Amino acid sequence: MENTKETQVIDQDGTIVILGAGPAGLACAHKLLSNGLNRKVVVLDRANVPGGAGASFKWKGHTLDYGPHAFHTRGDEPESLIRSLFVDNPESLISGRKRVSVFLKKKFFKYPLQIKEALLKFNPLLSIKIILEFMMTFIIHQLVSIPIESFEDWGRKRFGSTLYKISFGDYTRKVWKTDPNLISRKFASEKIQGFSFMNLIKKLLKIGGQVTEPYYQSVIYHKNGSGTLYMRLAEKVRALGGVVELEADIRQLKLDGDKVKEVCYFKNGQMQTLETDFLVNTIQMPALVNLFGNQTPFIVRHHADKLKYVSLILVYLEFETDKIGDDSWFYLLDNEFVFNRITEQKNLSPTTMEEGKTVLSFELTCRGSEEYWQMSDQELYDLAIADCERIPKLANKLSKVTDFTVRRARNVYELYLKQFDSHAEIVLGYTKNIENIISIGRRGLFLQGDMHQSVEMGLSAGDLIQNMNKDASKCGDLKAEYLNKYVKYQNT
Ligand SMILES: Cc1cc2nc3c(=O)[nH]c(=O)nc-3n(C[C@H](O)[C@H](O)[C@H](O)COP(=O)(O)OP(=O)(O)OC[C@H]3O[C@@H](n4cnc5c(N)ncnc54)[C@H](O)[C@@H]3O)c2cc1C
Numbered sequence: 025m026e027n028t029k030e031t032q033v034i035d036q037d038g039t040i041v042i043l044g045a046g047p048a049g050l051a052c053a054h055k056l057l058s059n060g061l062n063r064k065v066v067v068l069d070r071a072n073v074p075g076g077a078g079a080s081f082k083w084k085g086h087t088l089d090y091g092p093h094a095f096h097t098r099g100d101e102p103e104s105l106i107r108s109l110f111v112d113n114p115e116s117l118i119s120g121r122k123r124v125s126v127f128l129k130k131k132f133f134k135y136p137l138q139i140k141e142a143l144l145k146f147n148p149l150l151s152i153k154i155i156l157e158f159m160m161t162f163i164i165h166q167l168v169s170i171p172i173e174s175f176e177d178w179g180r181k182r183f184g185s186t187l188y189k190i191s192f193g194d195y196t197r198k199v200w201k202t203d204p205n206l207i208s209r210k211f212a213s214e215k216i217q218g219f220s221f222m223n224l225i226k227k228l229l230k231i232g233g234q235v236t237e238p239y240y241q242s243v244i245y246h247k248n249g250s251g252t253l254y255m256r257l258a259e260k261v262r263a264l265g266g267v268v269e270l271e272a273d274i275r276q277l278k279l280d281g282d283k284v285k286e287v288c289y290f291k292n293g294q295m296q297t298l299e300t301d302f303l304v305n306t307i308q309m310p311a312l313v314n315l316f317g318n319q320t321p322f323i324v325r326h327h328a329d330k331l332k333y334v335s336l337i338l339v340y341l342e343f344e345t346d347k348i349g350d351d352s353w354f355y356l357l358d359n360e361f362v363f364n365r366i367t368e369q370k371n372l373s374p375t376t377m378e379e380g381k382t383v384l385s386f387e388l389t390c391r392g393s394e395e396y397w398q399m400s401d402q403e404l405y406d407l408a409i410a411d412c413e414r415i416p417k418l419a420n421k422l423s424k425v426t427d428f429t430v431r432r433a434r435n436v437y438e439l440y441l442k443q444f445d446s447h448a449e450i451v452l453g454y455t456k457n458i459e460n461i462i463s464i465g466r467r468g469l470f471l472q473g474d475m476h477q478s479v480e481m482g483l484s485a486g487d488l489i490q491n492m493n494k495d496a497s498k499c500g501d502l503k504a505e506y507l508n509k510y511v512k513y514q515n516t
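Be aware that the sequence shown starts at 25, since it is given in this note's numbering, and climbs by one per residue.
Shown next as structure tokens:
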């Protein structure tokens, strides 16, 4: 049935503005344009390339990602979208399994850490201690009800103190620069799935137990780097009639009653204003709230301010050697290392590197403007070299280091402090009440998801907007249904 103008959320001549040209924003634009909604779609981003955290950059003859960025596959719509972008050259997408390890107590282990392998490779006394502790903890938790409030409580209950500390506790403290006792237990349910010590004991004793492999082992990766996926997606959005405006720094959102009316952004040295009928947000929740300034109640700004992030420093070392190892990346679990993870991107695609060379990226996280953030590039390089000296396969290759570069990215990891969910829900509640906004994606919903999840959320937001436009009276219910599907921390 033909829509009447009154029931339509977005006017025939209306514009849908999408904040952010990362995986979520571009997927949403693509869906809106290919659904035939027939509205103007404008995507704004302050970066000079599309792709958000999944973009790539050029350094000398190399194309580098901001930390490893392989696209996890599930044989569903997000994967089909990505594949459809390269129908002219399907071989440019490399499909396979990523190879990931863990460096722990001077040995390499498979990732995710297989406890069976760990128990067999650890010193036998340590392995016995781990098993006894696990059993004691299991019995105690059967007899007494001990509240599980933090990530640390969760880890100790599930694995016993020693195994928890070695395999998750120390690393969590290192990556999040936060005492795990202050981290919400909901972080564990997002990050550590399908992992059961009981299951493992059953397997060791050969009395059952099953291994469920996490889906994120299979990936696709473009031979020219992760960013190529989003360059192509942005091209496709433009070809479908959409606008992707880069170097557009969004500075203000103007409300008219409970609707957003205007988006103000800074481009080419001046402020520009764009009228909007519907707004899709994919930028960080607190940043979105700030864009409304004093139009937002103080209490919402207060809660938005409680949502915290961790920033990332990447040190890239160039080696004049064909290859260092076979891992796509490996984690450094021990406290003696300053860096968290080392990636050899060449193992995702050799063509991202200059011939005869390989570049390793070293990731280091910081909160706010702490010490590491203030360090010079040279000081960070020295730290990377010091970590290499403790890993034999890198120590042997130090004479081959020919150059380095450093990149810093603010607020890339959402930090799940205890109570984060109550703060996030208040901010979400506020955006829910603004009639013509939907906030989506990892950033827009304060999630810890991957690119697949952001693309999926973008695609289903496209459908959501189309459905909302069919019947304005259902907007509230449709938005709530959408958020319930993706924002699991609301319900756990
Ligand atoms: C080191 C690291 C490694 C990762 N590895 C993987 C991996 O291997 N596989 C995987 O699937 N995922 C990985 N991820 C996660 C992945 O990067 C994110 O899930 C994904 O990028 C989220 O997409 P998004 O569109 O929701 O947000 P983003 O990619 O963050 O996009 C948001 C966009 O908003 C723009 N923006 C923000 N504020 C403004 C403003 N005021 N004005 C204009 N524009 C603005 C930003 O420039 C950005 O382009 C990794 C993340 C990190 C940090």
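Backbone N, C-alpha and C fix where the C-beta goes; we use that ideal spot for every residue, glycine too.
Because the structure is a prediction, the values reported are computed rather than measured.
{"Item": "9 Å Cβ cutoff met for P47 and G78", "Value": "yes"}
{"Item": "Reduced DSSP category for F322 - H, G, I as helix; E, B as strand; rest coil", "Value": "helix"}
{"Item": "Nearest neighbour of L517, chosen from D358, S151, C52 and E141 [CA to CA]", "Value": "No information on residue 517 is available, as it lies outside the stretch 25 to 516 that the chain covers here."}
{"Item": "Coil, strand or helix - S185 by DSSP", "Value": "helix"}
{"Item": "Opposing strand residues paired with D35 [DSSP bridges]", "Value": "For D35, which the question treats as bridged, DSSP gives no partner whatsoever."}
{"Item": "Distance between M377 and D351 (C-alpha atoms, nearest Å)", "Value": "16 Å"}
{"Item": "Test item: CB-CB of T87 and F95 under 9 Å", "Value": "no"}
{"Item": "Residues that DSSP places opposite Y254 in a beta bridge", "Value": "DSSP, once it has assigned bridges, lists no residue as partnering Y254."}
{"Item": "Simplified DSSP assignment, three categories, for T194", "Value": "The sequence given here places Asp at residue 194; Thr does not occur at that position. Three-state result, D194: helix."}
{"Item": "Cα-Cα separation, D35 to K291", "Value": "27 Å"}
{"Item": "Contact test: M475 Cβ vs ligand 1 heavy atom, cutoff 8 Å", "Value": "yes"}
{"Item": "Check: S478 C-beta below 8 Å from any heavy atom of ligand 1", "Value": "yes"}
{"Item": "Bridge-paired residues (DSSP) for E368", "Value": "L384"}
{"Item": "T28 classed as buried or exposed, judged by whether at least 16 other C-beta atoms fall within 10 angstroms", "Value": "Reliability fails at T28, whose pLDDT of 45 lies under 50, so the model's placement of it is uncertain and no value is given."}
{"Item": "Contact between the stretch 334–342 and the stretch 402–415 (3+ Cβ pairs under 8 Å)", "Value": "yes"}
{"Item": "Buried/exposed call for H54, threshold 16 Cβ in 10 Å", "Value": "buried"}
{"Item": "Proximity test, R107 beta-carbon vs ligand 1 heavy atom, cut-off 8 Å", "Value": "no"}
{"Item": "Closer than 8 Å: P310 CB and nearest ligand 2 heavy atom", "Value": "Ligand 2 is absent from the structure shown, which contains only ligand 1."}
{"Item": "Backbone secondary structure at T202 - three-state DSSP", "Value": "coil"}
{"Item": "Bridge-paired residues (DSSP) for A485", "Value": "BP columns for A485 are empty, so no partner."}
{"Item": "Exposure of M25, with buried meaning 16 or more beta-carbon neighbours within 10 Å", "Value": "Confidence at M25 is low in this model, with a pLDDT of 41, below 50, so its placement is unreliable and the value that follows should be read with caution. Exposed."}
{"Item": "Segments assigned alpha helix (DSSP H), at least 4 residues, entirely inside the stretch 96–173", "Value": "101–108, 139–145 and 148–167"}
{"Item": "Run of the beta strand (DSSP E) containing M309, from where it starts to where it stops", "Value": "It is not in any beta strand (DSSP E) - M309 instead sits in the alpha helix (DSSP H) that spans M309 to F316."}
{"Item": "Beta carbon of L50 nearer than 9 Å to that of Q490", "Value": "no"}
{"Item": "Terminal residues of the alpha helix (DSSP H) in which Y333 lies", "Value": "First-last for Y333: K332 to F343, but that is the beta strand (DSSP E), not the alpha helix (DSSP H)."}
{"Item": "Near ligand 1: I307 beta-carbon under 8 Å from a heavy atom", "Value": "yes"}
{"Item": "9 Å Cβ cutoff met for I450 and I323", "Value": "yes"}
{"Item": "CA nearest to the CA of E526, picked from K145, L439 and K278", "Value": "A question about residue 526 goes unanswered here, because the residues of the chain that appear run from 25 up to 516."}
{"Item": "Same chain, Cβ closer than 8 Å to F110, five either side skipped, listed in chain order", "Value": "S116, L117, H246 and R256"}
{"Item": "F127 beta carbon less than 9 Å from that of L270", "Value": "no"}
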